[in-house]
């Protein structure tokens, strides 16, 4: 489950542990998949009025690309789902949304968990996750693209979560150290139906750490409304990624390169195009509020400073203090504890070694190393 | 390497072994009964590098101190697993963790590294993750 760095006591290991602690726990992920599959079945089976439209539920957003991050101060993960249906052209967005709502309200259980949002329906599983279900229909032109209601429920907007997930995954796989398994190769050729996943690759883990740093940073400045949206971070990160296998180098390089990848449109306004959906500009909201672009660059600059401090800190206690801007105080303590407990496991198994020349601790196989014998710390 | 596991190692043998693993370290002997060794320990790439001193007198337990950098403690709290906040408690005298037939170089020294690792973690999270016991809290057992 937890990836191990070459040196399990290095800063790299600490960052791997950090991303792992931010990610959706495997048991909760399994549960979420089972729950949304159940919702999908419920929407599709008779006597659902949606049955003729053959609804299909699949994840979009962070869970589809393995970059989910625990929200600050909350227990529930936000799980974004598409409910794609073969809706006839004469059915309006409002009607589609209502039909989904009506079917869900038909179930006592779902009705109790249900909340209406402007475009989607939210099912809340307390202390676990929110399932946000967005009705959609197949798009035109680009294969696997979809049409989703806009915020006012007046028009259908093109979107392409499957295409985005494929594009992101292709970028995440860009590395000499990763085997391309059959599933990944297929993803590079044709967008498959995404399943919800945890982070596996350096790019995903680095995005998790960036998102969390953003959450902590803007929360501390009490300016959460200025925080850059996750899809901007994810898109620029994927474009900036150079294929490094480790999180530390990836983080350093992304923080340097991301600000340079914001383009300008023909009117000189900020442009971050959706690689899977031409015409969609993720930086659109920056046009109407100039604080947003400034906040984005200011945040990245702070992150660069924070990373430099983290890299040069000496003493695990100082490293921990410099990790706080990335994780928050409470989570930093959890991650350092997990990092320390790994050493305890080795000690218990008798596979902890020490390089006597430097005192450096390591898992068995360090050179000129001797196993550290069992001992019990004592004293008052 | 050292024959006769049943005989306690001499002070000179202990000092020589320490010098062998850390060639730049310093040993000072007082006759054949006593030695003081000063060397360096850095438990992880992220840890501070510490200068430690191990004193060993025949028929006594080795005594370990941290010379540099000075050990710190938040708000004057007692640092766990020390004797009088001066020497490191690296083993339980009753458990037989350490015996005079053992080389200090591959017992006390790595335990000091381990202690320093857990000490820095303690500074970071406020809890000692290295296990162990405190003699005064027998009521906890």
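Chains as they are written, first to last, in this note's numbering: chain A, 288 to 667; chain B, -17 to 123. Every residue gets a Cβ at the ideal spot worked out from N, C-alpha and C, and that includes glycine.
Listed by chain order, chain A residues near residue i by CB distance under 7 Å
i            : result
residue 72/B : 662 and 664
residue 96/B : 648 and 659
Min CB distance residue i to chain B below 7 Å
i             : result
residue 484/A : no
residue 635/A : no
residue 473/A : Caution applies to residue 473/A, whose pLDDT of 49 falls short of 50 and renders its modelled position unreliable; the value that the coordinates give is listed next. Cβ-Cβ to chain B under 7 Å: no for residue 473/A.
residue 659/A : yes
residue 503/A : no
residue 260/A : Outside the displayed range of chain A (288 to 667) lies residue 260/A, so it cannot be described from this structure.
residue 291/A : no
Candidates the options: closest to residue i by CA position
i             : options                       : result
residue 410/A : 425/A, 428/A and 390/A        : 390/A
residue 481/A : 435/A, 344/A and 399/A        : 344/A
residue 615/A : 429/A, 498/A and 373/A        : 498/A
residue 363/A : 383/A, 413/A and 372/A        : 413/A
residue 558/A : 549/A, 346/A, 582/A and 566/A : 549/A
residue 604/A : 98/B, 112/B and 113/B         : 98/B
residue 415/A : 311/A, 495/A, 382/A and 374/A : 311/A
residue 422/A : 588/A, 551/A, 327/A and 643/A : 327/A
residue 84/B  : 664/A, 660/A and 665/A        : 660/A
residue 34/B  : 112/B, 105/B, 40/B and 96/B   : 96/B
residue 612/A : 628/A, 427/A, 589/A and 382/A : 589/A
residue 535/A : 329/A, 645/A and 593/A        : 593/A
residue 581/A : 353/A, 444/A, 510/A and 427/A : 510/A
residue 517/A : 444/A, 426/A, 354/A and 305/A : 354/A
residue 505/A : 338/A, 586/A and 388/A        : 586/A
residue 620/A : 56/B, -6/B, 114/B and 104/B   : 104/B
residue 452/A : 591/A, 568/A and 352/A        : 352/A
residue 100/B : 77/B, 62/B and 86/B           : 62/B
residue 564/A : 522/A, 575/A, 595/A and 577/A : 522/A
Residue range of the unbroken beta strand (DSSP E) whose run includes residue i
i             : result
residue 22/B  : 16 to 23
residue 423/A : 416 to 425
residue 401/A : 401 to 403
residue 548/A : Where residue 548/A is concerned, there is no enclosing beta strand (DSSP E), given that its DSSP letter is neither H nor E.
residue 50/B  : 45 to 50
residue 35/B  : 32 to 39
residue 308/A : Where residue 308/A is concerned, there is no enclosing beta strand (DSSP E), although the alpha helix (DSSP H) it sits in stretches over 298 to 309.
residue 665/A : Residue 665/A -> no beta strand (DSSP E), and no H or E assigned at all.
residue 366/A : 364 to 371
residue 411/A : 408 to 412
Any non-hydrogen atom of the ligand ATP within 6 Å of residue i CB
i           : result
residue 5/B : Ligands in the displayed structure: none, and consequently the ligand ATP is not present.
Residue range of the alpha helix (DSSP H) that includes residue i
i             : result
residue 526/A : 517 to 527
residue 577/A : 577 to 599
residue 381/A : 380 to 392
Chain-ordered neighbours of residue i on chain B, where CB pairs are closer than 8 Å
i             : result
residue 645/A : 22, 23 and 24
residue 628/A : 111
residue 298/A : 27 and 28
residue 623/A : 103, 106 and 107
residue 631/A : 111, 112 and 113
Neighbour list for residue i in chain D, Cβ cutoff strictly below 9 Å
i             : result
residue 294/A : Any reference to chain D falls outside this structure, whose protein chains are A and B.
Interface partners of residue i on chain A, CB under 8 Å
i             : result
residue 89/B  : 660 and 662
residue 100/B : 627 and 664
Interface partners of residue i on chain A, CB under 9 Å
i            : result
residue 82/B : In chain order: nothing, as chain A lies at least about 15 Å away.
Within-7 Å CB hit, residue i to chain A
i             : result
residue 19/B  : no
residue 59/B  : no
residue 65/B  : yes
residue 77/B  : yes
residue 35/B  : no
residue 92/B  : yes
residue 105/B : yes
residue 115/B : yes
residue 52/B  : no
Residue i: contacting residues in chain B (beta-carbon distance under 9 Å)
i             : result
residue 620/A : 106, 107, 108 and 109
Legend entry - Proximal residues, the region -13 to 12 of chain B versus chain A, C-beta separation under 7 Å: For the region -13 to 12 of chain B, which is checked against every Cβ of chain A, the residues closer than 7 Å are 3 and 4.
Legend entry - Residues within the region 582 to 614 of chain A neighbouring chain B, beta-carbon criterion of under 8 Å: Here the close residues are 600, 601, 602, 603, 604, 606, 607 and 608.
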